[in-house]
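To start, the structure itself, in structure tokens.
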Amino acid sequence: MPRKNDIRILVVDDEPDVLELVVFHLEKQQYRVSVADTGDKALKMARESLPSMLILDLMLPGINGLEICRLLKRDPKTRNIPILMLTARAAEEDRVKGLELGAHDYVTKPFSPRELVLRVKNLLRLSDGSPDGVEFIEAGPFKLDTVRHQATVDGQALNITATEFRLLCLLASRPGEVQPRETLLRDVWGYEPTLDTRT
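With full-length UniProt numbering applied, the sequence shown corresponds to residues 1 to 199, in that order.
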């Protein structure tokens, strides 16, 4: 994985307080952060600078976040950029739509900055786990589309959550390897290994 200060994150939100909070916590982690407060700016910046990751609000002036996600995922140059949606829209239909369009994660406001940073680290780790440009992971009857976040078994689509998809990707990309509980918590759920969590 690249060093943190080589990782460029584009944060897109029209609320100055949210931008300031997110930028503060990401820069504390030594990420390079740029911001956009409209959909048009975000689309232009994403296409020109090809950031390592995008944190994207849904409700924006101009082009909305769902449309930005759709356009970026259709473009071969930008479709592999991980997208985390950060929005006040908490309805299931909004979350499902965002994930169907290719967002990798979905966080609702108000949010915990600590959790957001962990999710960012998790997405960056997962996106770095495959060689650049790899879109599919295959393991036995499973085929995992890492761009569209879709899974099939023997050609039949699986109806699974984003967390279940991340777990499948991790296990399929490391065949024959036993994964310690700490690895699963960190790489799939985004928890710090030091947390005493039993499930």
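Here a beta-carbon is modelled for each residue, glycine too, at the ideal position from N, C-alpha and C.
As the structure is a prediction and not an experimental result, all values here were calculated from the model.
Own chain residues within Cβ distance below 8 Å of residue i, not counting five before or after
| i | result |
| --- | --- |
| I9 | L26, Y31, R32, V33, S34, P51, S52, M53, L54, I55 and V120 |
| S130 | Residue placement at S130 is flagged as unreliable, the pLDDT there being 44, under the threshold of 50; the coordinate-derived value follows with that caveat. Correct list, in chain order: I137, T146 and S173. |
| I160 | A151 and L168 |
| L19 | V11, D13, V35 and D37 |
| S49 | R8, L10 and S34 |
| A157 | Q150 and A151 |
Whole-angstrom distance between residue j and residue i, CA atom to CA atom
| i | j | result |
| --- | --- | --- |
| N64 | G39 | 6 Å |
| R114 | L84 | 15 Å |
| A103 | P82 | 7 Å |
| K44 | V117 | 25 Å |
| L144 | L99 | 15 Å |
| I68 | P141 | 33 Å |
| V23 | D6 | 16 Å |
| L71 | S112 | 29 Å |
| K77 | R47 | 8 Å |
| L21 | D105 | 19 Å |
| R74 | A42 | 16 Å |
Coil, strand or helix - residue i by DSSP
| i | result |
| --- | --- |
| V22 | helix |
| R95 | helix |
| M85 | strand |
| L123 | helix |
| I137 | strand |
| V188 | helix |
| V178 | coil |
| K77 | coil |
| M45 | helix |
| S130 | Caution is warranted here: a pLDDT of 44 is assigned to S130, below 50, making its placement in the model unreliable, and the coordinate value is therefore given only provisionally. The answer is coil: DSSP assigns S130 none of H, G, I, E or B. |
| T163 | helix |
| L72 | helix |
| L158 | coil |
| K28 | helix |
| D40 | helix |
| L168 | helix |
| V13 | For the sequence presented, residue 13 should be read as Asp rather than Val. Coil, per DSSP. |
| T183 | helix |
| D57 | coil |
| S173 | helix |
| L144 | strand |
From the options, residue whose alpha carbon lies closest to that of residue i
| i | options | result |
| --- | --- | --- |
| R79 | V12, V117, H149 and V18 | H149 |
| D57 | A139, L118, C169 and K109 | K109 |
| R166 | L184, E15, I68 and K44 | L184 |
| V96 | A162, G62, R74 and D75 | A162 |
| D94 | D75, M59, L170 and K73 | M59 |
Same chain only: Cβ atoms within 6 Å of residue i, ignoring 5 sequence neighbours per side
| i | result |
| --- | --- |
| D37 | D14 |
| A90 | T108 |
| T87 | D57 and L58 |
Neighbourhood of residue i by C-beta, 7 Å cutoff - its chain only, sequence neighbours within 5 removed
| i | result |
| --- | --- |
| D132 | Because the pLDDT at D132 is just 43, under 50, the model does not fix this residue reliably, and the value given afterwards should be weighed accordingly. Correct list: empty, nothing qualifies. |
| P175 | A139 |
| P61 | D14, T38 and G39 |
| D154 | P141 |
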